[in-house]
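Here the structure is laid out as structure tokens; the discussion comes afterwards.
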Amino acid sequence: MTNAHRITKAVTSIIPVEERYQHIRPVPQLPNFAAHIEGVDLQKPLSAAVREELYQALLDFEVLFFPPQSLTPEQHLELASVFGPVAQGAYFPRKDGHSQIEVIETDEKRPPSIDHWHSDVTWVAEPPAGTVIQITEGPSVGGNTAWASLSKAFQALSPGMRDYLRGLTATHTWEISNWRNYLAGLGEDVLAKAIKEFAPVEHPVVRPHPESGKEVLFVNETFTRNINGVSSTESREILRFLTQWLKQPEFIYSHKWELNGIAVWDNRTTQHYALADYWPHRRVNQRVTFNVRGAKQQERTVLEIVGAENRVSSRAYGE
Numbered sequence: 404m405t406n407a408h409r410i411t412k413a414v415t416s417i418i419p420v421e422e423r424y425q426h427i428r429p430v431p432q433l434p435n436f437a438a439h440i441e442g443v444d445l446q447k448p449l450s451a452a453v454r455e456e457l458y459q460a461l462l463d464f465e466v467l468f469f470p471p472q473s474l475t476p477e478q479h480l481e482l483a484s485v486f487g488p489v490a491q492g493a494y495f496p497r498k499d500g501h502s503q504i505e506v507i508e509t510d511e512k513r514p515p516s517i518d519h520w521h522s523d524v525t526w527v528a529e530p531p532a533g534t535v536i537q538i539t540e541g542p543s544v545g546g547n548t549a550w551a552s553l554s555k556a557f558q559a560l561s562p563g564m565r566d567y568l569r570g571l572t573a574t575h576t577w578e579i580s581n582w583r584n585y586l587a588g589l590g591e592d593v594l595a596k597a598i599k600e601f602a603p604v605e606h607p608v609v610r611p612h613p614e615s616g617k618e619v620l621f622v623n624e625t626f627t628r629n630i631n632g633v634s635s636t637e638s639r640e641i642l643r644f645l646t647q648w649l650k651q652p653e654f655i656y657s658h659k660w661e662l663n664g665i666a667v668w669d670n671r672t673t674q675h676y677a678l679a680d681y682w683p684h685r686r687v688n689q690r691v692t693f694n695v696r697g698a699k700q701q702e703r704t705v706l707e708i709v710g711a712e713n714r715v716s717s718r719a720y721g722e
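Quick note: the sequence shown uses the numbering used here, first residue 404, plus one each step.
If you want it as structure tokens, here you go:
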């Protein structure tokens, strides 16, 4: 029993890549997590068989990486469509002529500021299922992104802790994050509308993945305000424990970017952290978020909903 905590971090059953995949070749970087995908040209139309295997690979490995390929906006959106319809996104600016593509630019005047662990947009009732990003400009060194497996983190907890957490819910809100000052910089009317349109929401602390069946630890240090139904002290200490727990190296893969590198992750089973070690150099991240397959295509972006689609904030995100 003295080694039980070590056993729980291990993977006893490795996904049989050669048996399961005939049209793509996933190369896992950790046991059953973070796979590099070989043999796929994203600049050409994808066959139905390749699309289905890419979808299965995301369920299996939770985050996928493709070799550098320069994608047009249309190809970027087409890749996202493999996994689900395009989602509303967050409050980031949009690419000219392509409102479904968010652009996150950092440089000397806009220091990197998303260097905190989070899942995207957990402050809505149905958070996006995942995200496709491409780094179109970047520093010569640094600027990695790290992903943590929330299914690995949950399975490594003791049985008693897992049982305790399964009975809890937590409140998520953008209002405790850097978004509040950023939105205020877009105008007090925008901030007021965001507060009205995107009120705090509740999610289970442990969410079963609807397709893979994995149980996932679904709290994050950026948007989770509190555990519901317990004292403030218990809430604070449990959240502190969980947000530190998932940062163990056995659950984390840090990806070194190349120019035009591409990643796809399952937002329901991972958190990510953009390393802020490259300032004042420039980095440009173009991203598309997507919802679950079968969800209705969303007509308006988050920026349109709060009346800020044609505004530029007087404050950088993180100020």
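A virtual CB, placed ideally from N, CA and C, is assigned to each residue, including glycine.
task = Select from Gln651, Arg569, Thr627 the residue whose C-alpha is nearest the C-alpha of Asp523.
result = The residue from Gln651, Arg569, Thr627 with its alpha-carbon nearest to that of Asp523 is Thr627.
request  = Taking the CB atoms as reference points, tell me whether Phe486 and Phe693 lie closer together than 8 Å.
outcome  = Yes, the Cβ-Cβ distance between Phe486 and Phe693 is below 8 Å.
ask   = Residues in its own chain within less than 8 Å of Val609 by CB, not counting five upstream and five downstream?
value = Take Val609, set aside five residues on each side of it, and the residues of its chain with a beta-carbon closer than 8 Å to its own are Phe557, Arg565, Leu568, Arg569, Leu571, Glu618, Val619, Leu620, Phe621, in chain order.
message = Residues in the same chain with beta-carbon distance under 6 Å from Ala549, minus the five sequence neighbours each way, listed in chain order, please.
response = Within the same chain, Ile655, Ser657, Tyr676 come within 6 Å of Ala549 by CB-CB distance, once the 5 residues on both sides are set aside.
ask   = Which one of Phe436, Arg696, Asn688 has the shortest CA to CA distance from Pro496?
value = When each option's Cα is compared against that of Pro496, the closest is Asn688.
query = Counting Cβ pairs closer than 8 Å, one from the stretch 467-485 and one from the stretch 434-447, do we hit at least three?
reply = Contact between the stretch 467-485 and the stretch 434-447 is present, because at least three Cβ pairs lie under 8 Å.
key: Ile579 versus Pro434, Phe601, Ser561, Gln425, residue with shortest Cα-Cα distance   = The shortest Cα separation from Ile579 among Pro434, Phe601, Ser561, Gln425 belongs to Phe601.
Distance between beta carbons of Ile538 and Arg686, contact taken as under 8 Å = Right, their Cβ atoms sit about 7 Å apart.
ask   = Which first and last residues belong to the alpha helix (DSSP H) in which Pro542 is found?
value = Per DSSP, Pro542 belongs to no alpha helix (DSSP H) and is neither H nor E.
CB of His521 within 8 Å of CB of Asn623, strictly = Yes; because the gap between Cβ atoms is below 8 Å, this pair is in contact.
task = Identify, in the order they occur along the chain, each residue of the same chain with its Cβ nearer than 6 Å to the Cβ of Ala679, setting aside the five sequence neighbours on each side.
result = For Ala679, where only same-chain residues beyond five positions count, the Cβ hits under 6 Å are Pro515, Asp518.
message = Given a cut-off of 8 Å on the beta-carbon distance, is the pair Gly492 and Glu505 in contact?
response = Contact check for Gly492 against Glu505 passes: the beta carbons are separated by less than 8 Å.
query = The alpha helix (DSSP H) with Thr646 in it runs from where to where?
reply = Looking at the DSSP string, the run of the alpha helix (DSSP H) that includes Thr646 is 635-648.
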